[in-house]
Amino acid sequence: ADPSNPRGSLVGCDSSLGRETPLDDLCFPVEILPHLFLGNAQNSGDKEALNRHKIKYIVNVTPNLPNVFEDNGAYKYMQIPIADHWSQNLASFFPKAIQFIDEARENGVGVLVHCLAGISRSVTITVAYLMYKKKLTLEDAYEYVRLKKANIAPNFNFMGQLQDFQQQLNLVPSKCRCATLAECRCRLLHFMTPTSSRTSPDSGIEFDRFS
Numbered sequence: 004a005d006p007s008n009p010r011g012s013l014v015g016c017d018s019s020l021g022r023e024t025p026l027d028d029l030c031f032p033v034e035i036l037p038h039l040f041l042g043n044a045q046n047s048g049d050k051e052a053l054n055r056h057k058i059k060y061i062v063n064v065t066p067n068l069p070n071v072f073e074d075n076g077a078y079k080y081m082q083i084p085i086a087d088h089w090s091q092n093l094a095s096f097f098p099k100a101i102q103f104i105d106e107a108r109e110n111g112v113g114v115l116v117h118c119l120a121g122i123s124r125s126v127t128i129t130v131a132y133l134m135y136k137k138k139l140t141l142e143d144a145y146e147y148v149r150l151k152k153a154n155i156a157p158n159f160n161f162m163g164q165l166q167d168f169q170q171q172l173n174l175v176p177s178k179c180r181c182a183t184l185a186e187c188r189c190r191l192l193h194f195m196t197p198t199s200s201r202t203s204p205d206s207g208i209e210f211d212r213f214s
């Protein structure tokens, strides 16, 4: 066995197929759009995977994980110092993150968006990008990412921030009959159901989570 490849033959798995499979969580990074990849902390330090996908830009959505290859100058980093916690304002970083992702894609190179587990924070940034770039509603953007990678679960506060972002972009679903924002937020429950755990798989911090 190759000690540098603990996943064995999975190193070559094609994560860009967009098929929902039990191996989704192993087939990192996942290609969401051409040149846009969603991943986790392990991917950010896997130079072979970065090179394979021509990734030269990396969005690190954590306050304390290192930018592994920052010193060698081969990669351009953006660090978003946000914990996976209900008190955090991730939405304030949406514009800069979108601009950073656009820059990579316009240059024809890959951009990896990662947090610790690739479940909450990085998913939130990725969904926000889809909403802005593809004019998708929150529900449609969330479902698009979920079909690429089944194991996603932004914390409920981040989902609320995405709901507000949807309003800012005037992407109200055509079938929405909600009279108030609070009522409209209840639509999130259409594709989010309560879990039994209050611990984030992304950070280990406890909060009210829906997935």
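In the working numbering, the protein residues as written are 4 to 214. Note that CB positions come from ideal geometry on N, CA and C, so glycine has one too. Owing to the predicted nature of the structure, the values given are computational and were not obtained by experimental measurement.
Report task. Can you give me the Cβ contacts of glutamine 164 inside the same chain, cut-off strictly under 8 Å, excluding the 5 residues immediately before and after it? Result -> If you number the sequence shown from 1, residue 164 lands on position 161. So the qualifying residues of the chain are Asn92, Leu93, Ala94, Thr127.
Query raised in the report: How about histidine 88 and glycine 42: are their beta carbons less than 8 Å apart?
Result: Stepping through the sequence shown from its first residue, residue 88 is reached at position 85. Stepping through the sequence shown from its first residue, residue 42 is reached at position 39. No. Outside cutoff.
Query - Residues near lysine 79 by beta carbon distance below 6 Å, same chain, minus five either side - result: Looking up residue 79 in the sequence shown gives position 76. If we look at lysine 79 and ignore the five residues flanking it on each side, its Cβ neighbours are Tyr60.
Requested in this report: Look at the alpha carbon of proline 157 and the alpha carbon of lysine 151, and state the distance between them as a whole number of angstroms.
Outcome: Here residue 157 refers to the residue found at position 154 of the sequence shown. Here residue 151 refers to the residue found at position 148 of the sequence shown. The straight-line gap from Cα to Cα measures roughly 15 Å.
Query - Boundaries (first-last residue) of the beta strand (DSSP E) holding isoleucine 58 - result: Here residue 58 refers to the residue found at position 55 when the sequence shown is read from its first residue. Per DSSP, isoleucine 58 belongs to the beta strand (DSSP E) from 58-63.
Query raised in the report: Thinking just about the alpha-carbon of each residue, which of Ser123, Leu119, Thr129 is nearest to the one in isoleucine 104?
Result: Within the sequence shown, residue 104 is the residue found at index 101, counting from 1. For the residues Ser123, Leu119, Thr129, the minimum Cα distance to isoleucine 104 belongs to Thr129.
**Report entry** Distance, leucine 36 Cα to leucine 115 Cα
**Finding:** Here residue 115 refers to the residue found at position 112 when the sequence shown is read from its first residue. Here residue 36 refers to the residue found at position 33 when the sequence shown is read from its first residue. Rounded to whole angstroms, leucine 115 to leucine 36 spans 11 Å at the Cα level.
Query raised in the report: Buried or exposed: where does valine 215 fall if 16 or more other Cβ atoms within 10 Å of its Cβ makes it buried?
Result: This structure leaves residue 215 out entirely; the chain is present only between 4 and 214.
Query - Residues sharing a beta bridge with lysine 138, DSSP - result: Locating residue 138 in the sequence shown gives position 135, counting from the first residue. Partner(s): none; lysine 138 has no beta bridge.
Requested in this report: Please report the residue range of the alpha helix (DSSP H) in which leucine 165 lies.
Outcome: One-based indexing of the sequence shown puts residue 165 at position 162. Looking at the DSSP string, the run of the alpha helix (DSSP H) that includes leucine 165 is 159-171.
Query raised in the report: For glycine 44, does the count of other Cβ atoms within 10 angstroms reach 16, so buried, or fall short, so exposed?
Result: What you label residue 44 is simply residue 41 of the sequence shown in a count that begins at 1. Residue 44 is actually alanine in this sequence, not glycine. Burial call: buried.
Query raised in the report: From lysine 50 to phenylalanine 72, what does the alpha carbon distance come to, in whole angstroms?
Result: Counted from its first residue, the sequence shown places residue 50 at position 47. Counted from its first residue, the sequence shown places residue 72 at position 69. Rounded to whole angstroms, the gap between the alpha carbons of lysine 50 and phenylalanine 72 is 9 Å.
Report task. Count the other C-beta atoms from every protein chain shown that fall within 10 angstroms of the C-beta of arginine 124, then say buried if there are 16 or more, exposed otherwise. Result -> In the sequence shown, the residue the question calls residue 124 occupies position 121. With 16 or more other Cβ atoms within 10 Å, it is buried.
Query - Same chain, Cβ closer than 7 Å to proline 32, neighbours up to 5 away in sequence not counted - result: Taking the sequence shown and counting its residues from 1, one reaches residue 32 at position 29. Correct list, in chain order: Ser18, Phe40, Leu41, Gly42, Asn46, Ala52, His56, Leu115.
Query raised in the report: Can you tell me where the beta strand (DSSP E) with leucine 68 in it begins and where it stops?
Result: Looking up residue 68 in the sequence shown gives position 65. Careful: leucine 68 lies outside any beta strand (DSSP E) and carries neither H nor E.
**Report entry** isoleucine 2: first and last residue of the uninterrupted alpha helix (DSSP H) it sits in
**Finding:** Past the edges of the chain, shown from 4 to 214, lies residue 2, and the structure says nothing about it.
Query raised in the report: If we ignore side chains and look at the alpha-carbon of each, how far apart do alanine 77 and asparagine 63 end up?
Result: Here residue 77 corresponds to residue number 74 of the sequence shown, with the count starting at 1. Here residue 63 corresponds to residue number 60 of the sequence shown, with the count starting at 1. Taking the straight line joining both Cα atoms gives about 16 Å.
Report task. Taking the CB atoms as reference points, tell me whether isoleucine 85 and alanine 131 lie closer together than 8 Å. Result -> Here residue 85 is taken as the residue at index 82 of the sequence shown, counted from 1. Here residue 131 is taken as the residue at index 128 of the sequence shown, counted from 1. No, they are not a contact pair.
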